[in-house]
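If you want this note's numbering, it's the 1-based position in the sequence shown plus 1278. Backbone N, C-alpha and C define an ideal beta-carbon position, used for all residues, glycine too. Since the structure is predicted, the reported quantities are computational estimates derived from the model, not experimental observations.
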Amino acid sequence: MNDAVFEMVLALHLFAVIFWIGGLLMLASLLGRVPLEVGLPKERLLGTVRRLFEVAVNFGAAITIALGIVLILMRPEVLTQGWLHAKLLLVAVILFYHVRFYRRIRFLEDNPSASTRREFAIVHGAVSLLVLAILMLTILKPF
Ligand code: HEM
């Protein structure tokens, strides 16, 4: 019974991870297009980006973290394992990008010319590598 509840919470944790990370990667791609647009299409693009951030990305992050804490409470022994410490450190780096995205969106709303494709291509690559490392740590549990 306990195992079934754990697995259910795990499934919801992963569902929320998909929203959070999928949304962040989509934001990086959309923000990379901002310098290519002008006028109304640019404003619309920024509006879409903001809605995506406020709905999917914030929601995904909050549920991922809340259910991660529930998983730890259900299996407190994981707190002594090195892979979890390393994973939480990498999650903190993703959270740093999350907050930075929010600041960049607000800044770009006032200064729509102040971005380059390169900046968001780098962020897209960095977030992808962080998630790959988190998946390796969580699934292989190497230490
Ligand atoms: C980008 C963020 C995250 C990703 C990609 C991610 C990914 C995963 C994956 C793939 C699993 C399944 C592992 C397995 O069944 O072998 C898992 C489990 C788990 N996650 Fe996350 N997670 C993230 C964030 C978090 C956060 C923020 C916490 C804690 C606050 C957390 C705590 C846990 C715990 C405790 C488990 C159960 C581990 C076990 O006993 O097997 N996760 N996560």
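Proximity below 8 Å, CB of residue i to CB of residue j
i            : j            : result
residue 1327 : residue 1303 : no
residue 1406 : residue 1312 : no
residue 1323 : residue 1315 : yes
residue 1412 : residue 1368 : yes
Between the CA atoms of residue j and residue i - distance to the nearest angstrom
i            : j            : result
residue 1384 : residue 1396 : 19 Å
residue 1352 : residue 1345 : 10 Å
residue 1379 : residue 1391 : 16 Å
residue 1361 : residue 1281 : 21 Å
residue 1418 : residue 1365 : 12 Å
residue 1321 : residue 1381 : 17 Å
Integer Cβ distance of residue i from residue j, believed to fall under 8 Å
i            : j            : result
residue 1341 : residue 1294 : 4 Å
residue 1301 : residue 1348 : With a Cβ gap of about 21 Å, residue 1301 and residue 1348 do not count as contacting.
8 Å Cβ cutoff, residue i in contact with chain B
i            : result
residue 1326 : Protein chains in the displayed structure number just one, and chain B is not present.
Residue range of the unbroken alpha helix (DSSP H) whose run includes residue i
i            : result
residue 1377 : 1360-1388
Original post:
Which runs of the alpha helix (DSSP H) fall wholly inside the stretch 1326-1353 and span at least 4 residues, in chain order?
Top reply: DSSP runs (the alpha helix (DSSP H)) wholly in the stretch 1326-1353: 1336-1352.
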